[in-house]
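Undergrad: Mind looking over this structure? Questions follow.
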Amino acid sequence: MASPSEAAGGQWQLLQKSIGIVSMHMQLMQNDRVVIFDRTDFGLSNLTLPNGRCRHNPKEMVVKTDCTAHSVEYDVASNTFRALFVQTNVWCSSGAVFTDGRLIQTGGFNDGDRAVRIFNPCPTCDWTENDSGLADRRWYATNHILPDGRQIIIGGRRAFNYEFYPKNDATAKNTYSLPFLAQTNDRGAENNLYPFVFLNVDGNLFIFANSKSILFDYNNNRVLKTYPEIPGGDPRCYPSTGSAVLLPLNLQAPSIQAEVLVCGGAPRGSYQQTSRRKFLGALNTCGRIKITDPNPQWVMETMPRARVMGDMITLPNGNVLIINGASLGTAGWENGRNPVLNPLIYKANSPGGSRFELQNPSNIPRMYHSTAVLLRDGRVLVGGSNPHIYYNFTNVLFPTELSLEAFSPWYLDAEFASLRPNIIAPASQFKLKYNQKLSVRFQVRGTLAENKVSVTMLAPPFNTHSFSMNQRLLLLATSKLTNLGRSTYEIEVTTPFSAILAPPGYYLLFVVHQEIPSVGIWVQII
6 MASPSEAAGG QWQLLQKSIG IVSMHMQLMQ NDRVVIFDRT DFGLSNLTLP NGRCRHNPKE
66 MVVKTDCTAH SVEYDVASNT FRALFVQTNV WCSSGAVFTD GRLIQTGGFN DGDRAVRIFN
126 PCPTCDWTEN DSGLADRRWY ATNHILPDGR QIIIGGRRAF NYEFYPKNDA TAKNTYSLPF
186 LAQTNDRGAE NNLYPFVFLN VDGNLFIFAN SKSILFDYNN NRVLKTYPEI PGGDPRCYPS
246 TGSAVLLPLN LQAPSIQAEV LVCGGAPRGS YQQTSRRKFL GALNTCGRIK ITDPNPQWVM
306 ETMPRARVMG DMITLPNGNV LIINGASLGT AGWENGRNPV LNPLIYKANS PGGSRFELQN
366 PSNIPRMYHS TAVLLRDGRV LVGGSNPHIY YNFTNVLFPT ELSLEAFSPW YLDAEFASLR
426 PNIIAPASQF KLKYNQKLSV RFQVRGTLAE NKVSVTMLAP PFNTHSFSMN QRLLLLATSK
486 LTNLGRSTYE IEVTTPFSAI LAPPGYYLLF VVHQEIPSVG IWVQII
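Convert by adding 5 to the 1-based position in the sequence shown; the result is the number in the numbering used here.
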């Protein structure tokens, strides 16, 4: 096994030199297209809207008549993209995909801070908007899908509360106070924006903001538990931006445990120092905590390199890819220095001290306003980077980046092709029920290691500002593996037994063999 100091693998491919806009926000949809958008007040983008269409908005602060796009739909299979039309400002907004597959996208800035935008995936669909769909301004908020299919929208700048979507007439104007957000707000820096939110296996929410975390009963507006502060007490949320994931939930275990991993960030006071053009070193630590333990404690680990503004992407085999970002400064305009070009893979089940593997580098800095999402074929789509108030391509340290790349982890190397599973049944777009027996048929051309086969389900997240909202990987319970001959096998699994473990909606289902995942199939659990 490679040591953390050497590149272990992974390959990069430039997919598009320019899609015309900055990939500030990304969401993979169940038609294998990725919805991408930046903000309407960057100025004119490099992608003209089709058919002479223009956006006329007297409330816009930069260009009141704009005939360029600020959103695109990227088609993974054909490596093409088309312009989409957003009317209100989506800058630093949030979102999640509904049970029926529609992207519900909320908040933003200026005329967009109370907007709800809906994108229905179809070849010709475009955004629809309700500019007064929220009860409070949501700028740098976090969304999560709940077991009943609603979204909870938490926080945002100067919004120390939460609300739900969709709304009914009785609750249309309701927000619910969350003092924890005010308590974690640092004067002059905030450090509690885009809080890290995960649905725990007991149905409550784990919320991490700044350096602190709670277990929260959102139905009764009650803090159930206050967790220990992460050791060192340094902030991990925007603008001292680290990232976080919920580690895979093992549904085969007699008692299902939930564990959160938080990595990177910036020392306290770092954001204020950037205004003096002093760029402090980023944090090189990760904290890991079992949020289901009666007496939970953080266990700290050291990354091979410090990182701020890194994205944490859960891979189909349960490992975590840490990608993008810088090693000096913070998030914010012109606040980052020294890009970190090498991704890391974190192997959650390896022994402590040997969990990190350094990967091969990109040659494109991905600084503030970069993104990354997992694709169905196991690659990771990477885009964005614009630390400037407007689009700026010349005479700057890190020019505005309009490109898209794909990072292929080691498991896609040609040498592993004979070990890679290929799912032949069920077909993609299969509908599942909770607590259902499911037979998954697959092929492996090489020798199958029967005790190293698993089936995982992953909820594709909404990614922006180094956090993947609603990201969730489930290791399904397996009961029987049958050799059908001719390199074909069938494994019987049980789907999650409740919506608390897997909120309703679309997931990617993978067969994993010796840590090598198949191409995923889309399943919808309802």
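Quick reminder that beta carbons are idealized off the backbone N, C-alpha and C, glycines included.
(1) Expressed to the nearest angstrom, what Euclidean distance is found between the alpha-carbon atoms of Q32 and V67?
(2) Does the Cβ of A7 have 16 or more other Cβ atoms within 10 Å, making it buried, or fewer, making it exposed?
(3) What separation, rounded to the nearest whole angstrom, lies between the Cα atoms of D118 and H30?
(4) For Y512 and A101, I'd like the C-alpha separation in whole angstroms.
(5) Measuring straight from C-alpha to C-alpha, what distance separates G57 and S459?
(6) Tell me, please, whether the region 439-449 touches the region 214-230 by the rule of three or more beta-carbon pairs shorter than 8 Å.
(7) How about N347 and S332: are their beta carbons less than 8 Å apart?
(8) Between which two residues does the beta strand (DSSP E) containing S275 stretch?
(9) When you compare each of P356, G247, V387 and G383 to L20 by their alpha carbons, which one comes out closest?
(10) Could you pull the start and end residues of the alpha helix (DSSP H) that A187 belongs to?
(11) State the beta-bridge partners of P264 as determined by DSSP.
(12) Using only alpha-carbon positions, find the residue among G315, N190, N488 and G154 that is nearest to R273.
(13) Is the beta carbon of E339 sitting closer than 8 Å to the one on R293?
(14) Grab me the residues of F185's own chain with a C-beta within less than 6 Å of its C-beta, minus the 5 sequence neighbours each way, in chain order.
(15) Verify the contact flag: T180, CB atom, against every heavy atom of the ligand GTP, threshold strictly below 7 Å.
(16) Do T376 and S76 come within 8 Å of each other at the CB atom, strictly closer than that value?
(17) Quick one: is P5 buried, meaning 16 or more other Cβ sit within 10 Å of its Cβ, or exposed?
(18) Starting from the C-beta of I526, find all residues in its chain whose C-beta is less than 6 Å away, skip the five residues before and the five after it, and write them out in chain order.
(19) Give the secondary structure of N456 by DSSP, where H, G and I count as helix, E and B as strand, and everything else as coil.
(20) In angstroms, rounded to a whole number, what distance separates the CA positions of L251 and T70?
(21) Near F47, what residues of its chain come up, given a Cβ to Cβ distance below 6 Å and the 5 sequence neighbours on each side ignored?
(22) Using only CA atoms, which one of T290, S260 and S245 lies nearest to V267?
(23) Here's the rule I'm using: 16 or more other beta-carbon atoms within 10 Å means buried, otherwise exposed. How should F221 be labelled?
(24) Tell me which same chain residues have a C-beta within less than 6 Å of the C-beta of C97, skipping the five on either side of it?
(25) Hey, would you say T483 sits closer than 8 Å to P321, going by beta carbons?
(26) Could you tell me the alpha carbon to alpha carbon distance between D239 and N215, rounded to whole angstroms?
(27) I need the straight-line Cα distance from I261 to P370, nearest angstrom please.
(28) Would you please state the rounded distance, in angstroms, between the beta carbons of A308 and F361? I believe it to be under 8 Å.
(29) Which of the three DSSP states is assigned to A12 in this structure?
(30) According to the Cβ coordinates, are F86 and L108 closer than 8 Å?
(31) Here's the rule I'm using: 16 or more other beta-carbon atoms within 10 Å means buried, otherwise exposed. How should H518 be labelled?
(32) Look at I158 and N475 and say whether their C-beta atoms are less than 8 Å apart.
(33) If we ignore side chains and look at the alpha-carbon of each, how far apart do D316 and A464 end up?
(34) Please name the residue or residues paired with F213 in a DSSP beta bridge.
(35) Out of L363, P404 and N354, which has the shortest C-alpha to C-alpha gap to I327?
(36) Could you give the DSSP three-state label for L417: helix, strand or coil?
TA: Put simply:
(1) 26 Å
(2) Residue placement at A7 cannot be trusted, given a pLDDT of 36 that sits under 50; the coordinates are not used to answer.
(3) 16 Å
(4) 13 Å
(5) 51 Å
(6) no
(7) no
(8) Looking at the DSSP string, S275 is not in any beta strand (DSSP E); the run it does join, the alpha helix (DSSP H), is S275 to T279.
(9) V387
(10) P184 to Q188
(11) For the sequence presented, residue 264 should be read as Glu rather than Pro. E264 pairs with K295.
(12) N190
(13) no
(14) I219
(15) Ligands are entirely absent from the displayed structure, and the ligand GTP is therefore not among its contents.
(16) no
(17) Beyond the ends of the chain as shown, which are 6 and 531, falls residue 5; an answer cannot be given.
(18) I428, S433 and L514
(19) helix
(20) 43 Å
(21) Y395 and Y396
(22) T290
(23) buried
(24) W144 and Y145
(25) no
(26) 8 Å
(27) 39 Å
(28) Note that residue 308 corresponds to Met in the displayed sequence, not to Ala. So it is a contact: roughly 6 Å between Cβ atoms.
(29) Only weak support is given to the placement of A12: the predicted model assigns it a pLDDT of 49, under 50, and the question is left unresolved by the model.
(30) no
(31) buried
(32) no
(33) 16 Å
(34) F201 and S218
(35) L363
(36) helix
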